[in-house]
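In the numbering used here, the protein residues as written are 20 to 386. Note that the Cβ used here is the ideal one computed from N, Cα and C, for glycine as well. Small disclaimer: the values here were computed from a predicted structure and weren't measured. Structure record follows, encoded as structure tokens.
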Ligand SMILES: Cc1cc2nc3c(=O)[nH]c(=O)nc-3n(C[C@H](O)[C@H](O)[C@H](O)COP(=O)(O)OP(=O)(O)OC[C@H]3O[C@@H](n4cnc5c(N)ncnc54)[C@H](O)[C@@H]3O)c2cc1C
């Protein structure tokens with residue numbers, strides 16, 4: 020059986036970022052992925068937005084790693100000449116009640132370390148974005164967009180250049196805990212022995228933790244799956260910044276917003292509904308929700324909205340729950356030393372990926 024120092028399960032953006040960070044100093048590392056390529060799940064089914072960090076509770080991992088990750092991601096993209104654009108974003112208030120929410124974002128954003136927030140009057144919003152319907156807006160300059168596929172491709176290349184390996188088509192089905200380390204068994208009959216195991220299995224990360232003997236229910240880390248769909252429009256033009264409504268008051272999602280991709284195409288979404296299967300087929304029964312949400316901040320006609328893509332969030336927050344943070348834990352205290360679980364890695368996981376990787380390295384160094 021092959022013996023490897025560190026195995027990372029999952030070649031999504033977060034698993035690859037961790038592998039990239041750890042293999043800088045220890046290339047005796049393998050990333051194992053059940054699909055035929057990297058990023059076949061959540062990391063390529065999302066808004067591709069580099070978030071600022073004002074949505075998350077102050078002091079939480081989501082807030083800290085998003086703010087740090089925002090800077091790290093722009094640095095990385097520039098250093099490697101990867102396509103991105105610091106578009107900025109405007110959160111629009113469309114009623115008096117929502118003005119207070121913009122103030123809350125400024126307070127929380129400032130406490131979280133975000134910079135450059137600017138409250139705008141309706142006229143100022145319309146100078147920047149003439150098509151936006153609102154009574155006021157909040158301009159967030161550090162928000163941007165990037166190409167997640169090229170980001171992951173670069174991470175995968177760097178992992179291999181640093182001497183580590185990525186193995187595809189290898190589905191982890193069993194974890195045996197040894198007195199020191201783990202034996203990992205895969206659906207194709209292969210097995211590896213490792214000292215350190217990083218579980219970055221995205222939508223399945225809680226199930227993988229369960230394979231290692233972690234009691235996910237008593238720790239409250241069983242994931243919910245929450246789907247989000249997008250509609251696109253090829254008719255709208257002239258919008259330069261991302262436009263968001265204020266977020267859903269329960270904090271389950273950010274509200275059906277307008278994003279622009281690097282090709283200048285306009286998308287609306289994602290919405291949010293809990294599901295019990297990983298099924299990426301598009302459900303058109305949510306059309307009215309999209310149409311009415313978008314029309315609160317932008318004039319669109321029905322025929323302009325065309326079904327696009329969808330993704331599924333691995334969430335710790337259930338439909339009735341409040342804010343839940345990322346769960347990133349070295350599991351010695353739960354009987355699994357040298358296992359790091361990353362669970363509930365929903366948004367802002369892409370923005371935070373490089374900062375998450377640094378945080379995981381610190382957890383390992385502090386063992
Ligand atoms: C609709 C939507 C919009 C989003 N928008 C944004 C955004 O704009 N900005 C932002 O910062 N974040 C956003 N996010 C969040 C972001 O996409 C995720 O946080 C991030 O992609 C998670 O990366 P990951 O590597 O943890 O998961 P994944 O990309 O899902 O990777 C996990 C990998 O593990 C593999 N795997 C699982 N089980 C096994 C196994 N048993 N054996 C081997 N391999 C296994 C899977 O095949 C998968 O490739 C969004 C998410 C969604 C769903």
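Report whether the distance from the Cβ of residue 240 to the nearest heavy atom of ligand 1 is below 7 Å.
-> no
Between residue 374 and residue 95, what straight-line distance do the alpha-carbon atoms span, to the nearest angstrom?
-> 11 Å
Around the C-beta of residue 311, are 16 or more other C-beta atoms found within 10 angstroms, so that it is buried, or is it exposed?
-> exposed
Taking 7 Å as the line, does the beta carbon of residue 276 fall inside it for any heavy atom of ligand 2?
-> Absence of ligand 2 from the depicted structure is noted, with ligand 1 being the only ligands included.
As assigned by DSSP and simplified to three states, the class of residue 132 | coil
Kindly indicate the opening and closing residues of the alpha helix (DSSP H) around residue 98.
-> 80 to 98
Just how far apart, CA to CA, sit residue 178 and residue 116?
-> 48 Å
Beta-ladder partner(s) of residue 21, from DSSP | 211
What do you get for residue 371, buried or exposed, if any count of 16 or more other CB atoms within 10 angstroms of its CB means buried?
-> buried
Measuring CA to CA, which of 65, 37, 67, 111 is closest to residue 266?
-> 111
Just grab the DSSP bridge partners of residue 250 for me.
-> 287, 326
Just to confirm, are residue 279 and residue 331 a CB contact at a threshold of 8 Å?
-> no
Would you call residue 148 buried or exposed, if buried means 16 or more other Cβ atoms sit within 10 Å of its Cβ?
-> buried
Any idea which residues DSSP pairs residue 54 with across the strands?
-> Answer is none; residue 54 lacks a bridge partner.
Of the residues 133, 258, 224, which one's Cα is nearest the Cα of residue 243?
-> 224
Between residue 101 and residue 173, is the Cβ-Cβ spacing less than 8 Å?
-> yes
Given that a residue counts as buried once 16 or more other Cβ atoms are within 10 Å of its Cβ, and exposed if not, what is residue 218?
-> buried
Return the bridge partner residues of residue 177 from the DSSP annotation.
-> Answer by DSSP bridge pairing: none, since residue 177 is not bridged.
Work out the CA separation of residue 72 and residue 133 for me, nearest whole Å.
-> 7 Å
What does DSSP give as the partner residues of residue 304 in its beta bridges?
-> None, per the DSSP bridge assignment.
Below 8 Å, can you find three or more Cβ-Cβ pairs linking the region 124 to 140 to the region 151 to 160?
-> yes
May I ask whether a heavy atom of ligand 1 can be found less than 7 Å away from the beta carbon of residue 341?
-> no
If you follow the alpha helix (DSSP H) that residue 377 is part of, which residue opens it and which one closes it?
-> 368 to 384
Distance, residue 65 Cα to residue 271 Cα = 15 Å
Using alpha carbons as the reference points, say which of 120, 89, 99, 122 lies closest to residue 107.
-> 89
So is the beta-carbon of residue 227 under 7 Å away from any non-hydrogen atom of ligand 1?
-> yes
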